[in-house]
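Residue numbers for the sequence shown follow our numbering, beginning at 550 and rising by one.
Backbone N, C-alpha and C define an ideal beta-carbon position, used for all residues, glycine too.
Bear in mind that the values here come from a model prediction, so they are computed numbers and not experimental data.
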Amino acid sequence: MPALARLFLAAALLVVAQLPVTAMSQEAASPAAVAWRLLDYIAVDYPGAVSGGRIVSDAEYAEMREFSASVRSRIDALPAGPAKSQLLAESTALVAAVDRRAEPKTVALQARSLGSDLLKAYPVPLAPRQAPDLARGAALYTEQCAACHGASGRGDGPNAKDLNPRPVAFTDVARAKERSLFGLYQVIGQGLDGTAMPSFAHLSSDDRWALAFHVGSFAYPQGDARAGGELWRNRPELRADVADLQALVQTTPAAFASRVGEPQASQLVAYLRRNPDVIATKSAGGLDVARRKLAESLTAYQAGDRKRAEELALSAYLDGFEPVEPMLRARDGGLMAKVEAGMGQLRASISRGAPATEVATQVRTLETLFDQAAKALAPDQTSAASTFLGAFTILLREGVEALLIVIAMIAFLRKAERHDVLPYVHAGWASALAGGGLTWAAATYLISISGASRELTEGVGSLVSAVVLISVGVWMHGKAQAGAWQAYIRDKLSAALSKRSAWFLFLLAFIVVYREVFETILFYAALWSQGGQVAMVSGAALAVACLGVIAWALLSYSKRLPIAQFFSYSSLLIATLAVVLAGKGVAGLQEAGWLDVRPLPALPRIEVLGIFPTWEGLVAQLVTLTVVVIGFWTAGRRAEGQANA
């Protein structure tokens, strides 16, 4: 027991050590990002240079030729990739269109198409990490921009008369409809060659996004924003069209209007640019992150960088999908299992060097599943009933597993008449609940617990618990014969429950409860943030009541069991839980990227039994079962010898 206690303590320390605070680093400008910014500028400003095949402004036209040539040279400087030749061909066609003074609609279409293809092949960050601080954006505009662009964004600031070309009027509706917030963000961060527009790269990323949102609202009056608010609240299909901050900042108002029509598009743009917090709930982590990471992973794989592709595919799961997994599990468990299995299969394909076409197909399949998940997680799918049911089922499911182990320990100590050790067990599970409360506070107000930490906590906790339960189950099986139990009492081996063993039971109770509380708390934190707190608390309260009834029934039944039956049933229960936890532990380490994944499609996914369709999980459970069988056989023979002695 002391050796196991030391192992258990080391594992507990490892679990605690795996709770880092995640941080978002500022993105650096890349050649792809600069090229995209230039393309955005060409699409917006080309009509001011050419009209009807004739040059309207020599200066503007010279700028368009310079920018289109710069786009081609920057694309040529990008790393090699399967899409690069096509991008070069498109950029050459754009240069030719500008040189022959093509119609503005033609050039704008070519520039937008090239920009879209460029971001698909060479992804760059497209969204702020959180809803921008609009008050901060207004203050920055007054300090940094109003002297040139004017207090109201009309391009009539006191310094404007001395500038050539003149500052842009942000109130120009025609221009505003062709300019995305991401385009504004890029110009703010990098400036614009050939103009008086300087770079504001010294500002933080958050400040640049705040400025972009403030500037982007000038062309849309407050009256439109009020109408847009009504549309947002009453039209769920419109909310689905702008599912996250990435969709908001990447889409131009003109593109949005082509999907939903006018005046709805302008009204929604006016509202959302003034109220980005209404769609910011998943901007720091969620399906948008998963999509972006998968796209980057595919690009890296197609470029021959398998290691980078593996890292990005793992990040897509841990930093993108895993944070929303508990909520999706409550809304649509079948869909959650499909996504999780698909992401595991993708990582396995990348690891074994599958053909790029196969990996691309898997990524497209996952993108389709993400679309389904986004619909399931949409705000209009939230109701008091679904919140209540989710809170009830997650706590009941996670609680039963821990309850069975704790009840077995309590019943054993009562049978052994070691009531003096019971306080250690009670202190263990009570401390785990208190730790869960602290985790709730930390996850809600202080830190972001990474996906790897979540999976490592469950994986390490499950495997260590499985090892301990094997030893306990084998020991209890050896006492399943009345004679063996009498010999145990006669030889006063119960004295082995020393202080060290008591602390071991404390640790066992703590970790088996905390590993379940940890997952439940993170789910509840996500549920709490979406509203419906009364329904959530009600569901949790009913689950606690059900767990209380189960605990009372088990303890009452165990009191009436003869000692031999008690040990026989308890040893089988504990051995079964050890096999279950072995499967869950391996799955957790696979999802954290600590173990490889070799899919086994023929094996069904039965999460309650710890069965996952991978070779590693199956082997771990078979090994655990083999150890249990051998241990039971050995303990049984030893007990027979002691009883006959």
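Can you give the Cα-Cα distance for residue i and residue j, rounded to whole angstroms?
i	j	result
Pro716	Phe767	14 Å
Ser619	Ile604	20 Å
Asp648	Ala611	10 Å
Asp625	Lys842	24 Å
Thr910	Lys887	15 Å
Leu1056	Ala979	11 Å
Val1129	Leu752	52 Å
His968	Asp826	55 Å
Val970	Ala925	48 Å
Pro653	Val873	43 Å
Arg703	Gly986	53 Å
Trp1101	Leu1171	33 Å
Leu1152	Thr936	32 Å
Leu877	Ile954	28 Å
Asn713	Thr744	7 Å
Val722	Ala865	38 Å
Gly597	Met613	10 Å
Leu587	Tyr595	11 Å
Gln1030	Val1061	No answer about Gln1030 holds up, because its pLDDT of 49 lies below 50 and its placement is not dependable.
Val599	Arg650	6 Å
Gly1134	Glu786	40 Å
Ser574	Thr1069	A caution first: Ser574 carries a pLDDT of 31, below 50, which makes its placement in the model too unreliable to give a value.
Asp705	Pro681	26 Å
Leu754	Ala688	The amino acid at residue 754 is misidentified as Leu; the sequence shows Ser. Roughly 16 Å between the two C-alpha positions.
Lys964	Arg880	43 Å
Val1176	Lys669	51 Å
Met892	Leu884	12 Å
Ala1051	Ala976	11 Å
Gly601	Tyr769	29 Å
Ser748	Asp854	33 Å
Leu1174	Thr914	36 Å
Thr801	Gly765	11 Å
List the residues that DSSP assigns as beta-bridge partners of residue i.
i	result
Ser600	Arg603
Thr942	Paired residue(s): none; Thr942 is not in a bridge.
Ile1160	Ile1155
Pro1148	Thr1163
Between residue i and residue j, is the Cβ-Cβ spacing less than 7 Å?
i	j	result
Ala660	Ile737	no
Ile899	Ala862	yes
Ala981	Leu794	no
Gly777	Leu817	yes
Pro1148	Ala934	no
Ala804	Glu727	no
Gly1132	Ile1155	no
Leu730	Val798	yes
Val656	Ala642	no
Tyr1063	Gly984	yes
Trp781	Tyr820	yes
Ala858	Arg823	no
His763	Tyr690	yes
Val1146	Ala1058	no
Ala581	Leu667	yes
Ala940	Gly1088	yes
Val583	Ser617	no
Gly1166	Ala1136	yes
Ala839	Gly882	no
Ala806	Ala796	no
Ile956	Leu1144	no
Ala792	Ala923	yes
Glu639	Leu663	yes
Ala709	Cys697	yes
Say whether chain B places a C-beta atom closer than 7 Å to the C-beta of residue i.
i	result
Ser807	The chain inventory of the structure shown lacks chain B, comprising one protein chain alone.
Applying the criterion that 16 or more other CB atoms from any shown protein chain within 10 Å of the CB defines a buried residue, is residue i buried or exposed?
i	result
Ala1124	buried
Glu811	exposed
Asp711	exposed
Val1083	exposed
Gly772	exposed
Thr1163	buried
Ile1179	exposed
Gly699	buried
Glu871	buried
### Query
Quick check: the stretch 900-916 against the stretch 847-854, are there 3 or more CB pairs under 8 Å?
Touching, yes, given that three or more Cβ pairs across the two stretches are closer than 8 Å.
### Message
If contact is defined by three or more beta carbon pairs under 8 Å, each pair taking one atom from either stretch, is the stretch 627-636 in contact with the stretch 591-601?
### Response
Between the stretch 591-601 and the stretch 627-636 there are fewer than three C-beta pairs closer than 8 Å, too few to call the two in contact.
### Query
Okay, do the stretch 1095-1105 and the stretch 942-949 touch, 3+ Cβ pairs below 8 Å being the bar?
A contact exists between the stretch 1095-1105 and the stretch 942-949.
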